[in-house]
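*Asks:* UniProt numbering applies: residue 1 is where the sequence shown begins, and numbers increase by one.
Backbone N, C-alpha and C define an ideal beta-carbon position, used for all residues, glycine too.
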Amino acid sequence: MAAPPDDDVLWARGLHYAYDGSPALQGVTLGIREREIVSISGPRGSGKTTLLGCLSGRLLPAEGEVWFNSVPLHTMGRPARERLRRDRFGWIGSEPELVPELTAWENAALPLLLNGTRQRAARTAAHEWLERLDIGDCARKRPADLLQSQRQRVAIARALATRPAVLFADEPTAPLHQADRLQALRTLATAARSHDITVVLTSPDPAATATDDATGAALVDRCVALVDGRRATSLPAADSEGSAACSLSV
Ligand SMILES: Nc1ncnc2c1ncn2[C@@H]1O[C@H](COP(=O)(O)OP(=O)(O)OP(=O)(O)O)[C@@H](O)[C@H]1O
Numbered sequence: 001m002a003a004p005p006d007d008d009v010l011w012a013r014g015l016h017y018a019y020d021g022s023p024a025l026q027g028v029t030l031g032i033r034e035r036e037i038v039s040i041s042g043p044r045g046s047g048k049t050t051l052l053g054c055l056s057g058r059l060l061p062a063e064g065e066v067w068f069n070s071v072p073l074h075t076m077g078r079p080a081r082e083r084l085r086r087d088r089f090g091w092i093g094s095e096p097e098l099v100p101e102l103t104a105w106e107n108a109a110l111p112l113l114l115n116g117t118r119q120r121a122a123r124t125a126a127h128e129w130l131e132r133l134d135i136g137d138c139a140r141k142r143p144a145d146l147l148q149s150q151r152q153r154v155a156i157a158r159a160l161a162t163r164p165a166v167l168f169a170d171e172p173t174a175p176l177h178q179a180d181r182l183q184a185l186r187t188l189a190t191a192a193r194s195h196d197i198t199v200v201l202t203s204p205d206p207a208a209t210a211t212d213d214a215t216g217a218a219l220v221d222r223c224v225a226l227v228d229g230r231r232a233t234s235l236p237a238a239d240s241e242g243s244a245a246c247s248l249s250v
């Protein structure tokens with residue numbers, strides 16, 4: 001078994017995954033460099049969520065390898081994988097999934113408290129992230145009293161508060177209105193770059209994650225296109241127009 005390249009924080013080779021015999025991933029190979037922000041794009045059902053699940057250790061591929069910093073996830077027992085996910089990885093789903101009984105800041109602080117961070121430090125960090133995401137004034141509200149877009153920002157704050165080595169985000173802006181999407185993506189990208197967090201996110205539309213319309217700066221470093229559970233060799237020209245960061249998918 002060949003070792004993964006040294007400069008890849010995350011490396012997957014020949015991933016296959018099937019649901020009840022129906023293939024979702026068919027031999028995907030992908031390397032992610034440290035501090036890189038990578039967008040995985042593709043049409044509905046192309047395998048984006050499944051790939052994110054395999055890369056993050058949530059799903060075990062039927063075939064293939066996944067390495068994090070030269071540690072093999074695919075041969076790891078479940079408790080070790082769960083520990084690694086808790087300690088080093090962050091996850092943002094397309095639905096916020098907050099604890100309804102806890103306030104916004106308590107939700108954002110939860111992973112820190114579970115990791116043994118003192119309550120005061122966890123509270124400060126949670127408040128700071130809520131402020132950065134422009135929902136500081138919602139800190140004492142419970143999820144039921146928040147808009148869906150505010151709940152998703154709390155989920156983003158919760159994922160960033162632990163400063164994970166790798167943050168996985170499955171269509172993180174899906175519940176947001178168009179106007180909020182860019183702001184949330186910009187915050188995510190800025191936070192990741194300033195805190196050396198590697199990000200792997202999924203998006204149905206590569207152009208949506210490519211550049212910040214306001215500044216022209218690249219939001220992601222690279223786009224990887226999936227079609228029918230396989231890596232596409234290039235994006236259709238229409239998708240790559242005006243999107244320098246994503247003009248080549250591989
Ligand atoms: N839990 C499941 N049970 C059965 N089939 C599934 C399950 N999850 C995904 N699939 C199927 O696997 C394939 C890949 O799905 P996946 O969700 O990974 O794609 P996706 O690109 O993320 O799609 P979407 O944009 O709709 O979320 C699809 O054909 C989907 O129907």
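Compute every distance between the C-beta of R44 and the non-hydrogen atoms of ligand 1, then say whether any falls below 7 angstroms.
*Replies:* Because some heavy atom of ligand 1 lies under 7 angstroms away, the Cβ of R44 counts as near it: yes.
*Asks:* Which word fits A70, buried or exposed, when buried means at least 16 other C-beta atoms lie within 10 angstroms of its C-beta?
*Replies:* The sequence given here has Ser at residue 70, not Ala. Classification of S70: exposed, given that the 10 Å Cβ count is below 16.
*Asks:* Report the rounded CA-to-CA distance for H195 versus R132, giving the unit in angstroms.
*Replies:* When rounded, the distance between both Cα atoms is 13 angstroms.
*Asks:* My parser needs the beta strand (DSSP E) runs of 3 or more residues fully inside the segment 31-113; what are they?
*Replies:* Counting whole runs of 3 or more residues, the segment 31-113 contains the beta strand (DSSP E) stretches 37-41, 63-68 and 89-92.
*Asks:* Have a look at L102 and A126 and give me their C-alpha separation to the nearest angstrom.
*Replies:* Taking the straight line joining both Cα atoms gives about 13 angstroms.
*Asks:* Quick check on the burial criterion: 16 or more other C-beta atoms within 10 angstroms. Buried or exposed for N107?
*Replies:* It counts as buried.
*Asks:* Could you have a look at G27 and say whether DSSP puts it in helix, strand or coil?
*Replies:* G27: strand per DSSP, three-state reduction.
*Asks:* Examine the Cβ distances between the segment 77-90 and the segment 136-151 and report whether three or more of them are shorter than 8 angstroms.
*Replies:* Output reads no: the segment 136-151 does not touch the segment 77-90.
*Asks:* Which residue's Cα is closest to the Cα of V9: A157, I92, I32 and A121?
*Replies:* Among A157, I92, I32 and A121, the Cα nearest to that of V9 is on I32.
*Asks:* Could you tell me the boundaries of the alpha helix (DSSP H) in which A179 lies?
*Replies:* Counting along the chain, the alpha helix (DSSP H) containing A179 begins and ends at Q178 to S194.
*Asks:* Return the chain-ordered ranges of every alpha helix (DSSP H) run that is complete within the segment 110-164 and spans a minimum of 4 residues.
*Replies:* Entirely contained in the segment 110-164, the alpha helix (DSSP H) runs reaching 4 residues are, in chain order, 119-132 and 148-161.
*Asks:* Is D205 near ligand 3, going by C-beta to nearest heavy atom under 7 angstroms?
*Replies:* Inclusion of ligand 3 in the displayed structure is not the case, the ligand content consisting of ligand 1 alone.
*Asks:* Using the beta-carbon count (16 or more within 10 Å), is G116 buried or exposed?
*Replies:* By the neighbour-count rule (16 or more Cβ atoms within 10 Å), G116 is not buried but exposed.
*Asks:* Across which residues does DSSP place L10 in a beta bridge pair?
*Replies:* L10 pairs with I32 and F68.
*Asks:* Going by C-alpha to C-alpha distance, which of I37, W11, P96 and A139 sits closest to H74?
*Replies:* Checking every option, the nearest Cα to that of H74 belongs to W11.
*Asks:* State the Cα-Cα distance for the pair P23 and G229, rounded to the nearest angstrom.
*Replies:* Roughly 7 angstroms between the two C-alpha positions.
*Asks:* Would you check if the distance between the CB atom of P72 and the CB atom of H16 is smaller than 8 angstroms?
*Replies:* It is not a contact, given that the beta carbons lie outside the stated cut-off.
*Asks:* Is the distance from the Cβ of L52 to the Cβ of V227 below 8 angstroms?
*Replies:* Going by C-beta atoms, L52 is not nearer than 8 angstroms to V227.
*Asks:* How far does the beta strand (DSSP E) with T198 in it extend, from its first residue to its last?
*Replies:* Where T198 is concerned, the enclosing beta strand (DSSP E) stretches over T198 to S203.
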